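Notes follow the structure.
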Amino acid sequence: MTKSFIKNALVVLGLALGTCTAAHALVFNPHPHSPEIDPGLAVSSLTLLAGTLAVLRVRRKK
Amino acid sequence: MSGIHWPSHLLGRLYLLFATVAFEYLFCFGGRGKIPGHLAFHGISTDTYGQIPIFAYLVFLGFGHFRLKALKEEIPFGRILFGAHILCMAAVVSFTMALRAGAGWVRFDTNAYTKSALYLLGTVLLALACVPLGSWIVAIRATGRLWLYALIAGVAGWCLGSPIKLLWDATNTVQNGMMQGATLHVVSAILGHFIPDLIVDPSTFTIGTPRCLVIIAGGCSGIEGLGLVLIFTSLWLWVYRKETRFPQAFLLIPCALGCSWLLNIARLCALILIANAGGPEVAQIGFHAEAGWIAFIGIALGFSMITQRLSWTRRISSAAGSLKGEMETAAGASEQVGEHGESPAIRAYLVPFLTILAAASVSKLASGYFDWLYPLRFFVAAVALCYFWPELKKLNWSFGWVAPVAGVAVFLLWMAPTWWGHQHAVSRLGADLAALSPMARWAWIAFRVVAAVLTVPIAEELAFRGYLARRLMDREFDRVSFEKLTVLAIVLSSVAFGLMHGQHWVAGILAGVAYAFALRWRGRMGDAVVAHAVSNLLLAAWVLGFGDWAQW
Chain A
266 MTKSFIKNAL VVLGLALGTC TAAHALVFNP HPHSPEIDPG LAVSSLTLLA
316 GTLAVLRVRR KK
Chain B
13 MSGIHWPSHL LGRLYLLFAT VAFEYLFCFG GRGKIPGHLA FHGISTDTYG
63 QIPIFAYLVF LGFGHFRLKA LKEEIPFGRI LFGAHILCMA AVVSFTMALR
113 AGAGWVRFDT NAYTKSALYL LGTVLLALAC VPLGSWIVAI RATGRLWLYA
163 LIAGVAGWCL GSPIKLLWDA TNTVQNGMMQ GATLHVVSAI LGHFIPDLIV
213 DPSTFTIGTP RCLVIIAGGC SGIEGLGLVL IFTSLWLWVY RKETRFPQAF
263 LLIPCALGCS WLLNIARLCA LILIANAGGP EVAQIGFHAE AGWIAFIGIA
313 LGFSMITQRL SWTRRISSAA GSLKGEMETA AGASEQVGEH GESPAIRAYL
363 VPFLTILAAA SVSKLASGYF DWLYPLRFFV AAVALCYFWP ELKKLNWSFG
413 WVAPVAGVAV FLLWMAPTWW GHQHAVSRLG ADLAALSPMA RWAWIAFRVV
463 AAVLTVPIAE ELAFRGYLAR RLMDREFDRV SFEKLTVLAI VLSSVAFGLM
513 HGQHWVAGIL AGVAYAFALR WRGRMGDAVV AHAVSNLLLA AWVLGFGDWA
563 QW
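In structure tokens form, the structure reads like this:
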């Protein structure tokens, strides 16, 4: 039970750390000349990643 | 409307709640920071405090998805509570408009407190209208201690924001820019071997050559990549925790973070070398942004493949292992995981669209302002569509009168802000094309038009309406009839479609809805594709006819 709690808490902590890091870098304090903050580019890149992961997770034929 | 199904189960209602709150916040209140006179407690804006429940709710919803999905009992919708919610929000909007208009009966402080209280009350009423109190208790019981983890995540995210910023933001003191300093040091050490006259100024984090100088800003120090990689790896381990062996898998997170930082170093080195070699526009416009995203995608894909394929981090079924031995166990685990994977039909629906995205990424990487490699998108999509055509030809590609009508309507909707509004965007595409030789110019335009009318509509309709809308309804998406698409699936897939269209995102969402209803009309993919193609054809004719290059 304790191991499970620590595992889950670590994952959540990592998520919180990552989200606030990215949020501060990308959303709240964007560098005025950083083109990577272009929302269109971010959306298409994340879509490409999500789609590729979905295709890679396809069921194997038995 | 007959045949339209609103979510009646718990998970659907929770998503409906989130979508409604987000919609009201964005469309009724103008988004973050635009509500005049918002309330502050102890000197901190309620917007800032609001990050805690928002993030906690997202964690709860995202991580509790599968357990909440198992709760299939239908729940009633509180119409009276929803009506009260509408009244509260109407009052908030009235207060906001009165304050903006400078009405004498509204005092700033009073308005701020009243409005915040009404907004909070309205949100609570909406939450209870979508999900009755009893169902909230059921949801919390079904998800165990997830509410606690979600709360930890919300508070941790809120508390850690400022300390993390100190790691990379050098706006206050130079010592605070630890990431910038380290990145500058390593980049200068590497480039010193290639560029003899390298210029390095640690006080301003500037590096380069006499031909080009680069300032390593806080965002360029790799902190964005580290944040994204941390989010991805944490989410991945959580979602696939039953297939992953702990604590071994945790060791992969620092490895991924290290790769992210090193790849950012490589990106900066390459950027300076490209600019120094005579391609400052490519380095600054295309390579700068795309290289970072390509690196992130590479790390994310590598991380996911390693956790799934490496036996050291992959959990193996003990029952199967005791029966068949370790080798057979690994195969058994693969099949066990495979049962929960995506339908094999996903390849035909998604790969053409993914090839366009990948080609776009590559072409932008090698381009400045002008995307000279655009024809690559057409070629890869055409090859992918030809490859999967034996499977795709089973779809109904015929179309009726609704398709061109929907296409014309979407075109008019798309152009409406330009015709009747004040949105006259400026584009340098026309000037860039004029600088080409006539043959190159018309070849580029021909590929652009053919792609817009042929490959893009087919690939996008297959991806967003053929796959995503149906996948939101059922894992076995290819068994869902197009005529059975629900409103929620249409709206969510259209939002994803709209977000792909940058500044035209509102028109993109509406266009997605129109194409989806064209598809749903007779259940024919041909209707959606033709509607999309007609819109793109009219847009191309407008661009070429009137030289309005900003529409491309």
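Taken in sequence, the protein lines are chains A and B. Position one of the first sequence corresponds to residue 266 (our numbering), numbered consecutively onward. Position one of the second sequence corresponds to residue 13 (our numbering), numbered consecutively onward. Beta carbons are placed, not taken as given, at the ideal position from N, Cα and C, and that holds for glycine. Source: prediction; values computed, not measured.
- At least 8 Å separates the CB of R279 (chain B) from every CB of chain A.
- Annotation for L522 (chain B): no beta strand (DSSP E) segment contains it, though the alpha helix (DSSP H) segment containing it runs W517 to R534.
- Taking 8 Å as the cut-off, the Cβ atoms of C224 (chain B) and A287 (chain B) count as close.
- The distance from the Cβ of A312 (chain B) to that of L314 (chain A) is about 6 Å, consistent with a contact at the 8 Å cut-off.
- Where T216 (chain B) is concerned, there is no enclosing beta strand (DSSP E), because DSSP gives it neither an H nor an E.
- For V395 (chain B), the closest Cβ of chain A is not nearer than 8 Å.
- With respect to chain A, the C-beta atom of P65 (chain B) has no partner C-beta closer than 8 Å.
- For I318 (chain B), the CB contacts under 8 Å within the same chain, skipping 5 residues up- and downstream, are L264 and T325 in chain order.
- Taken through DSSP and simplified to helix, strand or coil, R326 (chain B) comes out as strand.
- Three or more beta-carbon pairs drawn from the segment 470 to 480 of chain B and the segment 354 to 366 of chain B are found closer than 8 Å, and the two stretches are therefore classed as touching.
- Between I219 (chain B) and V199 (chain B), the gap from beta carbon to beta carbon is short of 8 Å.
- Contact annotation for E354 (chain B) against chain A: A319, R322, V323 and R324 [CB-CB distance below 7 Å, chain order].
- Fewer than three beta-carbon pairs drawn from the segment 124 to 134 of chain B and the segment 69 to 76 of chain B are found closer than 8 Å, and the two stretches are therefore not classed as touching.
- Look at I368 (chain B) here: in three-state DSSP terms it is helix.
- Taken through DSSP and simplified to helix, strand or coil, T256 (chain B) comes out as strand.
- At a beta-carbon threshold of 8 Å, the residues of chain A lying near F365 (chain B) are G316, ordered along the chain.
- Per the DSSP secondary-structure output, L225 (chain B) pairs in a beta bridge with B:G220.
- For the set B:M191, B:V462 and B:L140, the Cα lying nearest the Cα of R91 (chain B) is the one of B:L140.
- In this structure, the beta-carbon distance from A396 (chain B) to P364 (chain B) falls below 8 Å.
- Contact with chain A is absent for L388 (chain B), since none of that chain's Cβ atoms lies less than 8 Å from the residue's Cβ.
- Residue contact check for I309 (chain B) against chain A: a CB pair falls below 8 Å.
- Assigned with DSSP and collapsed to three states, V507 (chain B) falls in helix.
- For the pair R487 (chain B) and A154 (chain B), the Cα-to-Cα distance works out to about 22 Å.
- For I98 (chain B), the nearest beta carbon of chain A is not closer than 8 Å to its own beta carbon.
- Three or more Cβ pairs drawn from the segment 530 to 541 of chain B and the segment 407 to 414 of chain B lie within less than 8 Å of each other, which places the two stretches in contact.
- Excluding sequence positions up to five before and after V438 (chain B), its CB lies within less than 8 Å of the CB of A562, all in the same chain and listed in chain order.
- The shortest CA-to-CA distance from W250 (chain B) to any of B:W554, B:I64, B:S316 and B:A443 is the one to B:S316.
- For F262 (chain B), the chain A residues whose Cβ falls inside 9 Å of its Cβ are K272, L275, V276 and G279, in order along the chain.
- In this structure, the CA atom of A96 (chain B) is about 25 Å from the CA atom of V503 (chain B).
- Below 8 Å, too few C-beta pairs join the segment 269 to 279 of chain B and the segment 246 to 261 of chain B to call them touching: fewer than three.
- Comparing alpha-carbon positions, the option among B:A458, B:A372, B:E472 and B:I235 lying closest to R389 (chain B) turns out to be B:A372.
- Looking only at B:E36, B:Q320, B:F391 and B:W456, the smallest Cα-Cα distance to F382 (chain B) is reached by B:W456.
- The Cβ neighbour count for F558 (chain B), taken over all protein chains shown within 10 Å, is under 16; the residue is labelled exposed.
- In the structure shown, V251 (chain B) adopts helical secondary structure according to DSSP, grouped into three states.
- By the neighbour-count criterion, in which 16 or more other beta carbons inside 10 Å mark a residue as buried, P208 (chain B) falls on the exposed side.
- Selection B:K496, B:I277, B:F494 and B:V525 evaluated against F509 (chain B) yields B:V525 as nearest (Cα-Cα).
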